[in-house]
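Q: If you're matching them up, the sequences are chains D and Z in order. Per the numbering used here, the first sequence starts with residue 2, numbered consecutively. Per the numbering used here, the second sequence starts with residue 2, numbered consecutively. Virtual Cβ for every residue (Gly too), placed ideally from N, Cα, C.
There are 2 protein chains.
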Amino acid sequence: MPDIRLRLLLDPDGHIGPGRAELLEGIAALGSISAAGRAMGMSYRRAWELVEEMNRIFGRPVAETQAGGRQGGGARLTDLGQLVVTRFRSAEAAARRAVAEEMAALQKEVRREG
Amino acid sequence: MPDIRLRLLLDPDGHIGPGRAELLEGIAALGSISAAGRAMGMSYRRAWELVEEMNRIFGRPVAETQAGGRQGGGARLTDLGQLVVTRFRSAEAAARRAVAEEMAALQKEVRREG
């Protein structure tokens, strides 16, 4: 099935894309930044970097860690983190609907083999 | 200004994104694959690879070279190449409109400095 990949580029810099949204969803579901990263085949370090990059973009945390800090305990999304996921997924769904006709026209031009 | 970056993922594989659309537009404007690539800071080799990847996706050429072949002469878009540009830019514009509200909500959360 054809699909889209959407990235929202914020001003003055930084972006939210499907990987970051999925990481936040993983944190919400698994209660841990490292587990959420691992579920996406991402290192602990990389998952933390992405969370910290989002914290930087918004100037406050998208996730908060509980007792144990970075090395232990759990993590959960802040209200901001939840808003980022919700808004991104909603934007993605709206974009998918909006491009359906153009996408179908392009897909029709793809030669199928076999 | 916030903006989007949209990539259309075709079935069974391959994609059209803003870089490929811009390259096709450059070929139409400049009449040369290498000049179009150069205008984007891209090597001759890379520009050709992208054109050949699009030819592969659609099973026929998005651009045709004129007398001189790869080393000389000029190039222009085929009807297919023109269709790809038009459909992609139209999809991008539709997606931009479709995500405007969600984008504004996210942008509002970005802390501005200074």
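So what does residue 65 of chain D bridge to, in DSSP terms?
A: D/77
Q: Give the single residue among Z/24, Z/43, Z/80 whose Cα lies nearest to the Cα of residue 62 of chain Z.
A: The candidate whose alpha carbon is nearest that of residue 62 of chain Z is Z/80.
Q: Do you know how far the Cα of residue 19 of chain D is from the Cα of residue 103 of chain Z?
A: Taking the straight line from one Cα to the other gives about 15 angstroms.
Q: Rounded to the nearest angstrom, what separates residue 107 of chain Z and residue 22 of chain D at their Cα positions?
A: 13 angstroms
Q: Among residues of its own chain, excluding the 5 on either side of residue 26 of chain Z, which ones have a beta-carbon nearer than 7 angstroms to its beta-carbon?
A: 86
Q: Report buried or exposed for residue 50 of chain Z, applying the criterion of at least 16 other Cβ atoms within 10 angstroms of its Cβ.
A: exposed
Q: Residues in its own chain within less than 6 angstroms of residue 7 of chain D by CB, not counting five upstream and five downstream?
A: 93, 96
Q: Which bits of chain Z does residue 3 of chain D rub up against, with CB to CB less than 8 angstroms?
A: 9, 10, 11, 12
Q: Assign residue 47 of chain D to buried or exposed, taking buried as 16 or more other Cβ atoms, counted over all protein chains shown, within 10 Å of its Cβ.
A: exposed
Q: So, residue 64 of chain Z versus residue 82 of chain Z, is the Cβ gap smaller than 7 angstroms?
A: yes
Q: With respect to the beta strand (DSSP E) encompassing residue 8 of chain D, which residues constitute its N-terminal and C-terminal limits?
A: 4-10
Q: State the beta-bridge partners of residue 34 of chain Z as determined by DSSP.
A: Bridge partners of residue 34 of chain Z: none, in fact.
Q: Please list, in chain order, the chain D residues whose beta carbon lies closer than 7 angstroms to that of residue 52 of chain Z.
A: Per Cβ cutoff of 7 angstroms: no residues; residue 52 of chain Z is ~15 angstroms from chain D at best.
Q: The alpha helix (DSSP H) that contains residue 55 of chain D, what's its start and end?
A: 45-59
Q: Does any residue of chain D bring its CB to less than 7 angstroms from the CB of residue 108 of chain Z?
A: yes
Q: So, at 7 angstroms on beta carbons, what are the nonlocal neighbours of residue 35 of chain Z in its own chain, with the 5 sequence-adjacent residues on each side left out?
A: Answer for residue 35 of chain Z: 45, 48, listed in chain order.
Q: What do you get for residue 60 of chain Z, buried or exposed, if any count of 16 or more other CB atoms within 10 angstroms of its CB means buried?
A: exposed
Q: Give the range of the alpha helix (DSSP H) segment to which residue 102 of chain Z is assigned.
A: 101-109
Q: Relative to the alpha-carbon of residue 38 of chain D, which residue among D/4, D/100, D/24, D/29 has its alpha-carbon at the smallest distance?
A: D/24
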